[in-house]
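**Q** Here you go, one structure.
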Amino acid sequence: DTGGSLVLIGANAGQKLTNQNASVIIGGAAGNNATGDGNVYIGRSVAQYSTSASSCVIVGTYAGIDNQGSKNTIVGYYAGRGASGATDGDQNTFIGHRVGIAIRGGDTNTGLGHDALLTLQNGSNNTALGDRAGEALLHGNSNVFIGKDTGKLVTSGSNDIVIGSGAQASSATVSNEITLGNNGITKFRIPGIGLTMTSGIITIPTPVIDIDGDVTIDGNLNVIGISTFQNNVHLLDNDYLYVGGSAGTT
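In terms of this note's numbering, the sequence shown opens at residue 2 and continues consecutively.
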């Protein structure tokens, strides 16, 4: 090799480098086929079949073994393995056991936790934090999964936000949905504005509520204090309006 600033330690480590620079390759067969610059490969067979990938940090036995993407950070056993013959993605961060193991072409994904984003192939801009978070996602984009087992049933949804241990989206393919908490959560609070939702009741202590548009209420509406209606109030189907304890029809 005629390059500079290279550290090569281990049987067959970086053996195909020619004039590359600034790489550290440590471990048996690590970076065995590497021809890119600026990589750090540490561990047995790390990036063994990677070729022109550059600016990657890959650490852990068999991590990124088939990685062909650049600017990836991959840490963990079989993490970000990639697929033989695939292009793989760029600028991904996979940290944990088998995180992103099936990646083929997705970019700018972040997976952190045991088996997070386990089956992701071509999705991009996904974030999964937690044990098995987003593990079934195949091709979805721009999803956020936070918490153990969170969103682990979603396969192809996009632009979903799922937060909370065991929280799941409404279906495997749903998109543009926000899910907060699992089925055991029965109360939702925003302390700063005093909003509380529990058992079908919404409590809003703020003095003024502005509603622009139609409101449909299936059940009782209890108003404590003074209410002002600037336009007509219509009661349909001979329902009743109770004022001051008395009742009258429209």
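From the three backbone atoms N, C-alpha and C, an ideal C-beta is built for every residue, glycine too.
Measuring straight from C-alpha to C-alpha, what distance separates I59 and N144?
**A** If you take the alpha carbons of I59 and N144, they lie about 24 angstroms apart.
**Q** Count the other CB atoms within 10 Å of the CB of R133; is the residue buried (16 or more) or exposed (fewer)?
**A** buried
**Q** For V8, which residues in the same chain have their Cβ closer than 6 angstroms to its Cβ, ignoring the five residues on either side in sequence?
**A** For V8, where only same-chain residues beyond five positions count, the Cβ hits under 6 angstroms are V25.
**Q** T229 by DSSP, collapsed to three states: which one?
**A** coil
**Q** What residue range is occupied by the uninterrupted beta strand (DSSP E) comprising G112?
**A** Taken as a continuous stretch (DSSP letters only), the beta strand (DSSP E) holding G112 covers T111 to L113.
**Q** If you run the structure through DSSP and keep just helix, strand and coil, what is I102?
**A** In this structure, I102 counts as coil in the three-state DSSP scheme.
**Q** I need the straight-line Cα distance from G86 to F189, nearest angstrom please.
**A** 48 angstroms
**Q** Could you tell me if I205 is buried or exposed, where buried requires 16 or more neighbouring beta carbons within 10 angstroms of its beta carbon?
**A** The residue in question, I205, is exposed, as its Cβ has fewer than 16 Cβ neighbours within 10 Å.
**Q** Measuring alpha carbon to alpha carbon, tell me which residue in H115, T120, L154 and G97 is nearest R105.
**A** T120
**Q** Can you tell which of T229, N183 and G83 has its C-alpha closest to the C-alpha of A168?
**A** N183
**Q** Note down the Cα distance separating K153 from D215, rounded to an integer number of angstroms.
**A** 37 angstroms
**Q** Compute the distance between the beta-carbons of A260 and A35, then report whether it is under 8 angstroms.
**A** Nothing can be reported for residue 260: it is not among the residues displayed for the chain, which extend from 2 to 251.
**Q** Going by alpha carbons, who is nearest to G5 out of N33, D38 and G28?
**A** Closest option to G5, Cα to Cα, is D38.
**Q** Where are the beta strand (DSSP E) runs, 3 residues long or more, that stay fully inside the region 153 to 183, in chain order?
**A** 162 to 164 and 179 to 181
**Q** Using 8 angstroms for Cβ pairs, my map puts N142 next to G114. What's the rounded Cβ distance?
**A** In fact, because the Cβ distance is near 20 angstroms, the residues do not count as touching under 8 angstroms.
**Q** Out of T88, D91, F95 and G15, which one is the CA nearest neighbour of G81?
**A** Of the listed residues, the one whose Cα sits closest to G81 is F95.
**Q** Please name the residue, chosen from A84, I147 and A129, that lies closest to Q122 on a Cα-to-Cα basis.
**A** A84
**Q** Just to confirm my understanding: we take S159, look at its own chain, exclude 5 residues before and 5 after, and list those with CB closer than 7 angstroms. What are they?
**A** The answer, listed in chain order, is G141, N142, S143, N144 and S176.
**Q** What are the residues that DSSP puts in a beta bridge with V25?
**A** V8 and V41
**Q** So, using beta-carbon positions, are I43 and G65 closer together than 8 angstroms?
**A** no
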